[in-house]
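The C-terminal residue of the sequence shown carries number 240 in my numbering, and the numbering is unbroken.
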Amino acid sequence: AAPFLPGVKHVIAVGAGKGGVGKSTVAVNLAVGLALRGHSVGLLDGDIYGPSLPTMLGLDALQTNIIANMLQPFYVHGVKAMTIGKLVDPEKPLIWRGPMAHGAFKQLVEQTEWGELDYLVVDLPPGTGDVSLTMAQLMRLTGAVVVCTPQLVAQDDAVRAVRMFQQLGIDVLGVVENMSYFVAEDVTPAREYDLFGRGGAEMMAQRLGLPYLGAIPITIPLRKNGDEGNPSANFQGKTR
């Protein structure tokens with residue numbers, strides 16, 4: 001079995017079969033939400049090919065620090081974060097074969113000064129490839145959260161992600177249905193539109209015997225706060 005990561009109590013992977021379903025949005029807000037509940041939280045951008053954390057956490061102006069050969073995580077929104085996006089040219093594509101992606105992910109995990117953490121949330125790349133396999137070999141996971149939009153093509157890929165985690169011996173903690181519906185607030189009363197077939201991911205979770213963790217609607221503030229690198233704003237005015 002893979003070893004426990006020193007000083008880290010729980011490692012939670014956020015994955016999906018498909019790109020563009022909101023893994024990074026769920027991972028970022030899960031990490032910030034856990035931190036707001038008083039936990040010590042780290043967030044690792046494991047999406048080696050298309051890192052989203054520099055934008056979603058507002059890291060652009062921050063400098064990367066290395067002390068005694070260890071990467072110092074960025075402390076933002078109550079979370080310690082590390083991403084390959086701050087170690088490479090942001091506009092150059094990472095055209096890497098599997099072993100290079102493996103090495104980059106391993107370095108982010110093992111050469112970041114995480115310190116003591118209650119939770120380390122790992123934002124995975126889409127699909128069922130090298131990085132997920134590397135993660136399972138490197139550290140013992142508490143479990144994985146699978147993100148899925150309601151439509152059938154997303155479910156098909158999410159099922160593959162679920163089966164991958166199960167094959168790697170990683171518990172699937174549950175399924176989140178993202179972009180579940182859209183609320184039009186410019187009419188009275190507000191109208192809800194099931195753009196992608198609301199409830200599809202919930203039915204998939206039931207079929208696979210997995211917990212259904214809830215639905216996230218398409219809302220403009222959630223998108224705006226992500227683009228502006230201010231996820232804390234998603235929690236303002238909400239009870240903890």
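For every residue, glycine included, the Cβ atom is placed at its ideal position computed from N, Cα and C.
In the DSSP assignment, no residue is bridged to A1. When DSSP reads this structure, H10 sits in a beta bridge with Y119. With a cutoff of 7 Å on beta-carbon distance, Y212 and D194 are scored as not near each other. Straight through space, the alpha carbons of V187 and G15 are spaced by roughly 35 Å. If you compare the alpha carbons of A104, Q155, V162 with that of A144, the shortest gap goes to V162. Contact annotation: V21 and N178 have beta-carbon atoms nearer than 7 Å. One thing to note: A81 has its Cβ no nearer than 7 Å to the Cβ of I48.
Under the DSSP assignment, M179 falls in the beta strand (DSSP E) whose first and last residues are 172-184.
Taking the Cβ atoms as the reference, V146 lies roughly 5 Å from V175, within the contact range of under 8 Å. Beta-bridge analysis with DSSP links T134 to no other residue. Judged by DSSP secondary structure, Q206 falls within the alpha helix (DSSP H) whose first and last residues are 200-208. Contact holds between the stretch 47-67 and the stretch 101-115, because three or more Cβ pairs, one in each stretch, are under 8 Å apart. Sequence-distant Cβ neighbours of T112 in its own chain, meaning closer than 6 Å and more than five residues away, are L71, P73, M82. The three-state reading of DSSP puts I48 in coil, since its state is none of H, G, I, E or B.
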